[in-house]
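Q: Those letters in the sequence shown? Residues 18 to 718, by the working numbering.
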Amino acid sequence: MAMTPRAGLRVADELAAFIEAEALPGTGVEPEAFWTGVAAVFARFAPENRRLLAVRDDLQARIDAWHVQRRGQPYDLPAATAFLREIGYLADEPGDFAIGTRNVDAEVATLAGPQLVVPSLNARFVLNAANARWGSLYDALYGTDALGDLPPPGRFDPARGARVVARAKALLDEAVPLAEGRWADLTDPHRGIAIRDPGQYVGRSERSRLFRHNGLHIEVVFDPDHPIGATDPAGISDVVLESALSTIVDLEDSVAAVDAADKTAAYRNWLGLMKGDLRETFDKGGRSMTRALAPDRAFTAPDGSTVTLPGRSLLFVRNVGHLMTTPAVRLADGSDAPEGVLDAIVTSLIAMHDLKGQGRFRNSRAGSIYIVKPKMHGPEECAFTDALFDAVEDLLGLARHTIKVGVMDEERRTSANLAACIRAVKDRIVFINTGFLDRTGDEIHTAMQAGPVVRKGEIKSSAWIAAYEARNVAIGLKCGLSGRAQIGKGMWAAPDRMAGMLEQKAAHPKTGANTAWVPSPTAATLHALHYHQTDVFALRDAIAARPIPGLEDLLTPSLAAGRNWSEAEIAEELDNNAQGLLGYVVRWIDQGVGCSKVPDIHDVGLMEDRATLRISSQHMANWLLHGVCTAEQVDAALLRMAAKVDAQNAGDPLYRPMAPDPAGSLAFRAARALVFDGVAQPNGYTEPLLHQFRRMAKDAG
Numbered sequence: 018m019a020m021t022p023r024a025g026l027r028v029a030d031e032l033a034a035f036i037e038a039e040a041l042p043g044t045g046v047e048p049e050a051f052w053t054g055v056a057a058v059f060a061r062f063a064p065e066n067r068r069l070l071a072v073r074d075d076l077q078a079r080i081d082a083w084h085v086q087r088r089g090q091p092y093d094l095p096a097a098t099a100f101l102r103e104i105g106y107l108a109d110e111p112g113d114f115a116i117g118t119r120n121v122d123a124e125v126a127t128l129a130g131p132q133l134v135v136p137s138l139n140a141r142f143v144l145n146a147a148n149a150r151w152g153s154l155y156d157a158l159y160g161t162d163a164l165g166d167l168p169p170p171g172r173f174d175p176a177r178g179a180r181v182v183a184r185a186k187a188l189l190d191e192a193v194p195l196a197e198g199r200w201a202d203l204t205d206p207h208r209g210i211a212i213r214d215p216g217q218y219v220g221r222s223e224r225s226r227l228f229r230h231n232g233l234h235i236e237v238v239f240d241p242d243h244p245i246g247a248t249d250p251a252g253i254s255d256v257v258l259e260s261a262l263s264t265i266v267d268l269e270d271s272v273a274a275v276d277a278a279d280k281t282a283a284y285r286n287w288l289g290l291m292k293g294d295l296r297e298t299f300d301k302g303g304r305s306m307t308r309a310l311a312p313d314r315a316f317t318a319p320d321g322s323t324v325t326l327p328g329r330s331l332l333f334v335r336n337v338g339h340l341m342t343t344p345a346v347r348l349a350d351g352s353d354a355p356e357g358v359l360d361a362i363v364t365s366l367i368a369m370h371d372l373k374g375q376g377r378f379r380n381s382r383a384g385s386i387y388i389v390k391p392k393m394h395g396p397e398e399c400a401f402t403d404a405l406f407d408a409v410e411d412l413l414g415l416a417r418h419t420i421k422v423g424v425m426d427e428e429r430r431t432s433a434n435l436a437a438c439i440r441a442v443k444d445r446i447v448f449i450n451t452g453f454l455d456r457t458g459d460e461i462h463t464a465m466q467a468g469p470v471v472r473k474g475e476i477k478s479s480a481w482i483a484a485y486e487a488r489n490v491a492i493g494l495k496c497g498l499s500g501r502a503q504i505g506k507g508m509w510a511a512p513d514r515m516a517g518m519l520e521q522k523a524a525h526p527k528t529g530a531n532t533a534w535v536p537s538p539t540a541a542t543l544h545a546l547h548y549h550q551t552d553v554f555a556l557r558d559a560i561a562a563r564p565i566p567g568l569e570d571l572l573t574p575s576l577a578a579g580r581n582w583s584e585a586e587i588a589e590e591l592d593n594n595a596q597g598l599l600g601y602v603v604r605w606i607d608q609g610v611g612c613s614k615v616p617d618i619h620d621v622g623l624m625e626d627r628a629t630l631r632i633s634s635q636h637m638a639n640w641l642l643h644g645v646c647t648a649e650q651v652d653a654a655l656l657r658m659a660a661k662v663d664a665q666n667a668g669d670p671l672y673r674p675m676a677p678d679p680a681g682s683l684a685f686r687a688a689r690a691l692v693f694d695g696v697a698q699p700n701g702y703t704e705p706l707l708h709q710f711r712r713m714a715k716d717a718g
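Structural data, given as structure tokens:
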């Protein structure tokens, strides 16, 4: 890799060129001052970053030793809790406090609605997600199984269309009831639409009326010349819902970014979003199409003034965590730079184009930069992020706390110390959330030496999961996040199973969480229905009055005490884990795809990212460590599932089969290493091995 010297650092040529020719111009930050400041930030924070990682390793080593000493004994929760407090794993609970975050956009603080997460390396996906602020309810209902079945193949089915219209008008009856009658009875909108609560009426455009319910907008489109509108008594051709209020542009779990070329490409897409000029041309059905960011939407208010609404999601950017380093920048001692520090600097620099209003559109109208920070372990690591963001603000000449932080509550030490973690970033926090996969991966790794864990499917009903979800919301509300920050819930991973999502994800708003992750723009439109059914903010006082669940359940691992599984059950569990592992890894290593719809063992497409690997690899490593299965059984499962994954990808011309030559397949070798080296991986993370094998694949062409 060609490197350029900058202020004692060595920076990959393409990254240096991108920053100096594309990112810096227009920010008011001069290149020489920038690089001098960057070098100072790395000099200050790289040693502390390494120290914090050493603390993680030391804590895990002490926990492992404690469990080894007690192997074969029943799990002693009081003794384990006392031990965790003694070694500093459990921090002191802070006194009562309220966060002080200011200048937060409404999409984060005072509205409730869906959130998307999109890989930053895929410009087309990024644009689709950013434009998912508005979605056609008619299209979402017609084209998915949301009505209980899939549309018939071929031409438009009028009978299904009638069901779609009936469901959409039922929503209107619930959310925006007419003063008299039902929406299905409306025949002449030109005479005016009298609604029960006139305050819900926002405005009109040439062909639509705009309403608001639970903070979200609903646009009813009238077009009697449209094929659908022509068959409707009132000429209604569509119902458009405000859908993905916010989107996380991801540099972390959903991308395979292992070198300067990958990082620069991801940063360039983020820059295109902040400048508003990102475009992507692609072929669809034999036609060339170009996608760009959607414009804002204008309506005429009842008083004749103009109401302008954002046409795009509010954008966050997810940086990487503290663990990984990047060869894109080398420090004065020749070591690779901490990747999370580089992300903080460069993504904030790029967002200055938005702060200065230099792009085609505004992202944050409140003047903030939104960075999600994943995989932090406990309050000390959160405080490190807070200090780092202070330093980046000073480097770029930004007011204090311009950079906001989202804390991913996905590590056990953060869950157990959540209030203290929030306290450490109390003046810039805008987001906490929960997620099953990473949190479970860390749960398994932390208790790796305590004994075998239950089957993966059973973990979902563990007491610690319920405590984790409930504590997250309760602590967030107690710390004053309501009205200032998002409280989020995890992903629905099956984009082709919208009926299931509509049934199950209705529970998320009822917990008091004002956002939850969905796998596609269509899913965002359907999930928006839940926020019309439930007024999240109306529930929060009652939820906040409940006592916060204690640590007892949270700290009880999912151990399979005395459980004996049959050979068939063991083989089934290994196959399930191995198939998911291989199906994702093969695309990551061979094609650099960090997030995609991967068929599971039952051929159901699931949106998978790196967190999937963490739980599957750690589960297999745990069973291998404790003799539930043998190395031979694991290898046999990997080989069986390699053949299955090969068959599932037979139609992909870029796919490289694994089963014919497992030893020659870097992807197969990477998946195997994730299991057999899983106990030794720091906190069970998959990134070190994935990056190693992906670089080998890139070097091999």
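Don't be surprised by glycine CBs; every beta carbon is placed ideally from N, CA and C.
Since this is a predicted model, take the numbers as computed values, not measurements.
Check this for me: beta carbons of ALA183 and LEU195, under 9 Å apart or not?
A: In this structure, LEU195 does not lie closer than 9 Å to ALA183 by Cβ.
Q: Can you tell me whether DSSP reads ASN66 as helix, strand or coil?
A: If DSSP states are grouped into helix, strand and coil, ASN66 belongs with the helices.
Q: Are MET341 and MET393 close, meaning C-beta to C-beta below 9 Å?
A: Cβ atoms of MET341 and MET393: not closer than 9 Å.
Q: If you check the beta carbons only, do PRO244 and THR204 fall under 9 Å apart?
A: Cβ atoms of PRO244 and THR204: not closer than 9 Å.
Q: Given a cut-off of 9 Å, decide if GLY468 and TYR92 are closer than it, judged by their beta-carbon atoms.
A: Result yes, Cβ atoms of TYR92 and GLY468 sit closer than 9 Å.
Q: What are the boundary residues of the alpha helix (DSSP H) that includes TRP481?
A: Looking at the DSSP string, the run of the alpha helix (DSSP H) that includes TRP481 is 480-495.
Q: State the Cα-Cα distance for the pair MET515 and PHE299, rounded to the nearest angstrom.
A: Going from the Cα of MET515 to the Cα of PHE299 covers about 27 Å.
Q: Name the DSSP bridge partner or partners of GLN132?
A: Answer by DSSP bridge pairing, in chain order: SER263, TRP534.
Q: Under 9 Å between the Cβ atoms of GLY328 and LEU348?
A: Their beta carbons are not under 9 Å apart, which means GLY328 does not touch LEU348 by this criterion.
Q: Mark HIS207 as exposed unless 16 or more other C-beta atoms lie within 10 angstroms of its C-beta, in which case mark it buried.
A: Exposed.
Q: Based on the DSSP output, what are the partners of TRP151 in its beta bridges?
A: BP columns for TRP151 point to GLU259.
Q: Residues in its own chain within less than 8 Å of ASP81 by CB, not counting five upstream and five downstream?
A: MET465, GLN466.
Q: Just list the residues that DSSP pairs VAL422 with in beta bridges.
A: In the DSSP output, where bridge partners are listed per residue, VAL422 has ILE388, ILE446.
Q: Throw me the rounded Cβ distance for the LEU599 and MET658 pair, which I believe falls under 8 Å.
A: Between MET658 and LEU599 the Cβ distance is about 5 Å, and since that is below 8 Å, they are a contact.
Q: Can you check whether the CB of VAL238 is closer than 9 Å to the CB of VAL256?
A: A contact, by the Cβ cut-off of 9 Å.
Q: Is the beta carbon of ILE504 sitting closer than 9 Å to the one on THR532?
A: Yes, Cβ-Cβ distance for ILE504 and THR532 is below 9 Å.
Q: PRO512 and MET675 look like a contact to me (Cβ under 8 Å); what is the Cβ gap, rounded to whole Å?
A: With 8 Å as the limit, PRO512 and MET675 do not qualify as a contact, their Cβ atoms being about 25 Å apart.
Q: Mind checking which residues open and close the alpha helix (DSSP H) that includes ASP552?
A: Run containing ASP552: none; DSSP gives neither H nor E here.
Q: Between which residues of its own chain and TYR672 is the CB-CB distance below 6 Å, once the five residues before and five after are set aside?
A: Closer than 6 Å at Cβ, skipping near neighbours: ASN666.
Q: Name the one or two DSSP bridge partners that LYS614 has.
A: According to DSSP, which records beta bridges pairwise, LYS614 is partnered with MET624.
Q: Starting from ARG329, trace the beta strand (DSSP E) in both directions and tell me its first and last residue.
A: Run containing ARG329: none; DSSP gives neither H nor E here.
Q: Should HIS16 be labelled buried (16 or more other beta-carbon atoms within 10 Å of its own) or exposed?
A: Since the first residue shown for the chain is 18 and the last is 718, residue 16 is missing from the structure and cannot be characterised.
Q: According to the neighbour-count rule (16 or more other Cβ atoms, all chains shown, within 10 Å of its Cβ), is ARG711 buried or exposed?
A: Result: buried.
Q: According to DSSP, is GLN596 part of a helix, a strand, or is it coil?
A: In the structure shown, GLN596 sits in a helix (DSSP, three-state: H, G or I).
Q: From this set, GLY452, GLN698, ARG67, which residue's C-alpha is nearest THR629's C-alpha?
A: Nearest option by C-alpha distance: GLY452.
Q: Alpha helix (DSSP H) containing PRO396: first to last residue?
A: Here the alpha helix (DSSP H) through PRO396 covers 395-413.
Q: Distance, Cα to Cα, ALA502 vs HIS549?
A: When rounded, the distance between both Cα atoms is 20 Å.
Q: Contact defined as beta carbons within less than 8 Å: I believe VAL490 pairs with ALA530. What is the distance between those atoms, to the nearest angstrom?
A: With a Cβ gap of about 6 Å, VAL490 and ALA530 count as contacting.
Q: May I have the straight-line CA-CA distance separating ALA63 from LYS292, to the nearest angstrom?
A: Rounded to the nearest angstrom, the two C-alpha atoms are 30 Å apart.
Q: Note down, in chain order, each residue of its chain lying with its Cβ closer than 6 Å to the Cβ of LYS421, except the 5 sequence neighbours on either side.
A: So the qualifying residues of the chain are SER385, TYR387, ARG445, VAL447.
Q: Look at the Cβ atom of ALA684, then the Cβ atom of ILE587, and state whether they are nearer than 9 Å.
A: For ALA684 and ILE587, no; Cβs fall outside 9 Å.
Q: Since LEU94 is in the alpha helix (DSSP H), which residue starts that stretch and which ends it?
A: Unbroken alpha helix (DSSP H) run through LEU94: 94-103.
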